[in-house]
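Enquirer: Okay, here's the structure, questions in a sec.
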Amino acid sequence: MRLFVAVTLGDTIETAATRALHSLSALAPRARWVPPANLHLTLSFLGDVDAERAAAVTQALTPVGAAHAPLELAIAGGGGFGAPARPRVLWAGVGGDTAALGALQADVAAALKPLGFEPEHRDYVAHLTLARARNPGGDRELAKCVQALQAAHWGTARVDRLVLFESQGGRYHPHASFPLSAS
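Numbers given in the numbering used here equal positions in the sequence shown, counted from 1, plus 1.
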């Protein structure tokens, strides 16, 4: 199974994203847009994992959730990855308690490292992926979307759990959930 660890942002953000993505997708119709129900903040991508190793991942993540308190995040603004004139990825910005989110991501990475999942060598930067260019060289139309995102504000979300997701054919299914329960 193909797994990743993430946090979700709830109904308020999903509703705002649905409206915004409808408008944005009209500006860049050739891009691959993330369905609003699939929006999440990835903390660690694990890739293909067999059932035995998935059980070990579940066991390793349980104390991580218990060590962190729920947190509040705001989704506003955004940008693109890649050349400014031809971004490859369109993203929405994440604000609010990003220090707590960074600490959560670091603890997830530390818990998974003994299982052979090497953490990325770059600093974690929280962002909400909205679309990807179909062309590896980027998409001029996504640059229009970057401009449109500058004034966007989608609201706040209370993050109260980690989720181990399984990806199947573009759909994400919760494999396990870990409440953030520290006080």
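For every residue, glycine included, the Cβ atom is placed at its ideal position computed from N, Cα and C.
Note that this is a predicted model, so its numbers are computed, not measured.
1. How far does the beta strand (DSSP E) with Glu167 in it reach, from first residue to last?
2. For Trp92, which beta-bridge partners are listed by DSSP?
3. Leaving out the 5 sequence neighbours to the left and right, which residues in its chain are closer than 6 Å to His41 when beta-carbon positions are compared?
4. The ligand FAD and Ala177: does any heavy atom of the ligand fall closer than 7 Å to the residue's C-beta?
5. Work out the CA separation of Ala127 and Val109 for me, nearest whole Å.
6. With respect to the beta strand (DSSP E) encompassing Asp124, which residues constitute its N-terminal and C-terminal limits?
7. Return the CA-CA distance between Gly171 and Val35, expressed in angstroms with no decimal places.
8. If Gly81 and Pro88 are in contact, beta carbons under 8 Å, what's the gap, nearest whole angstrom?
9. Starting from Leu44, follow the beta strand (DSSP E) in both directions and report where the run begins and ends.
10. Going by DSSP, name the residue or residues bridged to Leu72.
11. Let me know the secondary structure DSSP gives Ser178 once reduced to three states.
12. Assess, as a yes-or-no matter, whether the segment 157-177 is touched by the segment 127-140 under the definition of 3 or more beta carbon pairs within less than 8 Å.
13. Looking only at its chain, what residues have a beta carbon closer than 7 Å to the beta carbon of Gly138, apart from the 5 residues adjacent to it on each side?
14. Suppose the cutoff is 8 Å on Cβ atoms and the five residues either side in sequence are ignored; what does the same chain contact list for Pro85 look like?
15. Tell me which same chain residues have a C-beta within less than 6 Å of the C-beta of Phe46, skipping the five on either side of it?
16. What does the alpha-carbon distance come out to for the pair His176 and Phe166?
17. Report the CB separation of Leu72 from Leu44 in whole angstroms; it is logged as a contact under 8 Å.
18. If you draw a straight line from the alpha carbon of Leu116 to that of Leu28, how long is it in whole angstroms?
Expert: The short version:
1. 162-169
2. Gly80, Thr130
3. Ala7, Thr9
4. As far as ligands go, the structure on display features none, and thus does not contain the ligand FAD.
5. 14 Å
6. Looking at the DSSP string, Asp124 is not in any beta strand (DSSP E), and its letter there is neither H nor E.
7. 9 Å
8. 3 Å
9. 42-49
10. Val160
11. strand
12. no
13. Arg87
14. Ala144, Val147
15. Phe5
16. 5 Å
17. Not really, about 13 Å apart at Cβ, beyond 8 Å.
18. 43 Å
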